[in-house]
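Protein sequence lines correspond, in order, to chains V and L. End of the first sequence = 220 in numbering that gives the first Met the number 0, gap-free, step of one. End of the second sequence = 220 in numbering that gives the first Met the number 0, gap-free, step of one. All C-beta atoms, glycine included, are put in the ideal place defined by N, C-alpha and C. To keep things clear, I will list the structure first and then write my remarks on it.
2 protein chains.
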Amino acid sequence: MFKPTEKVDISALAPGIQHFLGQAAYSELGEFDSLARAVATAPNLAVKEGLSAAAGRALSKHHGLITEIRRRGHEPATEMAPFVAGLDEFRAKISGADWHELLLSCYLAGGLLDDFFIRLSDGLPRDIGPRVAQLLGEDSGTSVLVQELHSAIEDDQALRSRLAMWGRRLVGDTLLVARSAMPAADPASGRAGSNEARIEPVFTELIAAHTRRMDGLGLTA
Amino acid sequence: MFKPTEKVDISALAPGIQHFLGQAAYSELGEFDSLARAVATAPNLAVKEGLSAAAGRALSKHHGLITEIRRRGHEPATEMAPFVAGLDEFRAKISGADWHELLLSCYLAGGLLDDFFIRLSDGLPRDIGPRVAQLLGEDSGTSVLVQELHSAIEDDQALRSRLAMWGRRLVGDTLLVARSAMPAADPASGRAGSNEARIEPVFTELIAAHTRRMDGLGLTA
């Protein structure tokens, strides 16, 4: 019988290394792009400065993954290509109606996808999985986003409600992107049933971490 | 009598350290912002990838300057504030009508302003000038911009003419920004005359380097 408290063996769920690296690399480039837009439209210099550091972190994760792709003798552009349409559509969907929604998207989607790829990297070979996990686990510099959202929400009940709704909406889109990265999404694999059982607790973990981020902001998840 | 071939003593032209660091730091943030926009609108993944590296270089120069500001016990936002309006207006002016114009702006204005601040850093104290010069002199990763502009121009005479004109126009705006960073721009300094004589050869150097960049692209300067 399946016990959700057990450490889940994710190796069966992990996509191939190239698939993983291409998708994670383009995902970090998307996060960079979102943050760069938040930098460009920041309301003051101190925030602009903090956000630019966060954008730099996403970019350096992206370049770390690119280095791994090159190390294996592949072309980054070729490896990322299959994920462009889906991830661009995702980023457009979560870009938000204003600066605070964009900020929340950067924080929540960036956090969830980092968590997800770190979790997935568990299934990669030992010569690359831990290195990638460390890279993706590096501080994202998002404390400035938390601070900014926190103080904006504090005195504005209408904004708080709107952002709470936005957070709930974007977690759905983000989980769909994550879901599409896993092989069980392909019914032809013939292992769909057992993979679903393995995936569920991973998603439970991801949602729990998302809920903690929402709670930390004072937004009811 | 003044001889233009002599090494120009720029120390009298150098602004105060805080002025220098605040302005150079915000200038690099503007370069980053322009490059990030070029990343977002890049026509293909390989170029996007190369441009993202160039954006990362500008960002790391920016953060290096921020570190210098903090090391001296100052607040980066406070130090950059006086330059925001002027540099934002400049960046808006040189953002260009399309992706190729934006690319040319990043390459030419970024190159000229790096040259300029490196030149100006000569007049800073020994405990900071050389370190800043080294930081700003680091490879900007702009070879991808050159490559991209080169191949776009190669088969398109109309684009070549348009970009040649754009390059001539934006050098003027960029030199004005550089000019405003120098104390002789302030007639109240009482040294305007002698400073003008010192500034001229610096600008001659800057324009010569600009012309080399234009020539390298196959654009008549």
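Problem - Through-space distance from residue 50 of chain L to residue 214 of chain L, alpha-carbon basis - result: Within the second sequence, residue 214 of chain L is the residue found at index 215, counting from 1. Within the second sequence, residue 50 of chain L is the residue found at index 51, counting from 1. Straight-line Cα distance between these residues: approximately 22 Å.
Practice task
Compare the C-beta of residue 51 of chain V with all C-beta atoms of chain L and state if any pair is closer than 8 Å.
Solution key: Working through the first sequence from its first residue, we reach residue 51 of chain V at position 52. It does: the Cβ of residue 51 of chain V has a partner Cβ on chain L nearer than 8 Å.
Handout entry: Simplified DSSP assignment, three categories, for residue 150 of chain L
Key = Along the second sequence, one-based indexing puts residue 150 of chain L at 151. If DSSP states are grouped into helix, strand and coil, residue 150 of chain L belongs with the helices.
Exercise for the section: Using beta-carbon positions only, say whether residue 36 of chain V and residue 102 of chain V come within less than 8 Å of one another. Expected result: Taking the first residue of the first sequence as position 1, residue 36 of chain V is located at position 37. Taking the first residue of the first sequence as position 1, residue 102 of chain V is located at position 103. Cβ distance not < 8 Å, so residue 36 of chain V and residue 102 of chain V don't count as in contact.
Problem - Sequence-distant residues of its chain with Cβ nearer than 7 Å to residue 79 of chain L (five each side left out) - result: Counted from its first residue, the second sequence places residue 79 of chain L at position 80. So the qualifying residues of the chain are 21, 24, 25.
Practice task
Report yes or no: is there a C-beta of chain L within less than 8 Å of the C-beta of residue 32 of chain V?
Solution key: Reading the first sequence from its first residue, position 33 is the one you call residue 32 of chain V. Taking CB atoms only, residue 32 of chain V has a neighbour in chain L less than 8 Å away.
Problem - Within chain V, the residues that residue 93 of chain L reaches when beta carbons sit closer than 9 Å - result: Residue mapping note: residue 93 of chain L aligns to position 94 of the second sequence, counting from 1. None at all; the shortest Cβ gap to chain V is about 15 Å.
Practice task
Assign residue 178 of chain L to buried or exposed, taking buried as 16 or more other Cβ atoms, counted over all protein chains shown, within 10 Å of its Cβ.
Solution key: Residue mapping note: residue 178 of chain L aligns to position 179 of the second sequence, counting from 1. Residue 178 of chain L should be labelled exposed.
Practice task
Determine whether the Cβ of residue 185 of chain V lies closer than 8 Å to any Cβ atom of chain L.
Solution key: Position 186 of the first sequence, counted from the first residue, corresponds to residue 185 of chain V. The predicted model places residue 185 of chain V with a pLDDT of 48, which falls under 50 and marks its position as unreliable; any figure quoted below should be read in that light. Not one chain L Cβ lies under 8 Å of residue 185 of chain V.
Problem - DSSP three-state assignment for residue 127 of chain V, whether helix, strand or coil - result: In the first sequence, counting from the first residue as 1, residue 127 of chain V sits at position 128. Note: residue 127 of chain V maps to coil in three-state DSSP.
Practice task
Please confirm if residue 73 of chain V has its CB atom under 8 Å from at least one CB of chain L.
Solution key: Residue numbering aside, residue 73 of chain V sits at position 74 when the first sequence is read from its first letter. Not one chain L Cβ lies under 8 Å of residue 73 of chain V.
Problem - Contact with chain V by residue 80 of chain L, beta-carbon distance below 8 Å - result: To locate residue 80 of chain L, count along the second sequence from 1; it is residue 81. It does: the Cβ of residue 80 of chain L has a partner Cβ on chain V nearer than 8 Å.
Practice task
Could you tell me whether the Cβ atoms of residue 56 of chain L and residue 110 of chain L are closer together than 8 Å?
Solution key: In the second sequence, residue 56 of chain L corresponds to position 57, counting from 1. In the second sequence, residue 110 of chain L corresponds to position 111, counting from 1. No; because the gap between Cβ atoms is not below 8 Å, this pair is not in contact.
Handout entry: Exposed unless 16 or more other CB atoms sit within 10 angstroms - verdict on residue 181 of chain V
Key = Within the first sequence, numbered from 1, the residue matching residue 181 of chain V stands at position 182. The residue in question, residue 181 of chain V, is buried, as its Cβ has 16 or more Cβ neighbours within 10 Å.
Problem - Option in L/166, L/217, L/135 with minimal Cα separation from residue 113 of chain L - result: Numbered from 1 along the second sequence, position 114 holds the residue referred to as residue 113 of chain L. Cα-wise, what sits closest to residue 113 of chain L is L/135.
Practice task
Would you grab the beta carbon distance between residue 45 of chain L and residue 76 of chain V for me? Rounded to a whole angstrom, and I think it's under 8 Å.
Solution key: Position 46 of the second sequence, counted from the first residue, corresponds to residue 45 of chain L. Position 77 of the first sequence, counted from the first residue, corresponds to residue 76 of chain V. Rounded, the Cβ-Cβ distance is 4 Å, consistent with contact.
Handout entry: Nearest neighbour of residue 163 of chain L, chosen from L/15, L/59, L/95 [CA to CA]
Key = Here residue 163 of chain L refers to the residue found at position 164 of the second sequence. Answer by Cα proximity: L/95.
Exercise for the section: Flag residue 112 of chain V as yes if its beta-carbon sits less than 8 Å from any beta-carbon of chain L, otherwise no. Expected result: Here residue 112 of chain V refers to the residue found at position 113 of the first sequence. At a cut-off of 8 Å between beta-carbon atoms, residue 112 of chain V makes no contact with chain L.
Practice task
Could you tell me whether the Cβ atoms of residue 16 of chain L and residue 123 of chain L are closer together than 8 Å?
Solution key: Along the second sequence, read from residue 1 onward, the residue named residue 16 of chain L stands at position 17. Along the second sequence, read from residue 1 onward, the residue named residue 123 of chain L stands at position 124. In contact: residue 16 of chain L and residue 123 of chain L (Cβ atoms closer than 8 Å).
Exercise for the section: Run the CB neighbour count on residue 166 of chain L, radius 10 Å, all protein chains shown included, and call it buried at 16 or more, exposed below. Expected result: The residue you call residue 166 of chain L lines up with position 167 of the second sequence. The residue in question, residue 166 of chain L, is buried, as its Cβ has 16 or more Cβ neighbours within 10 Å.
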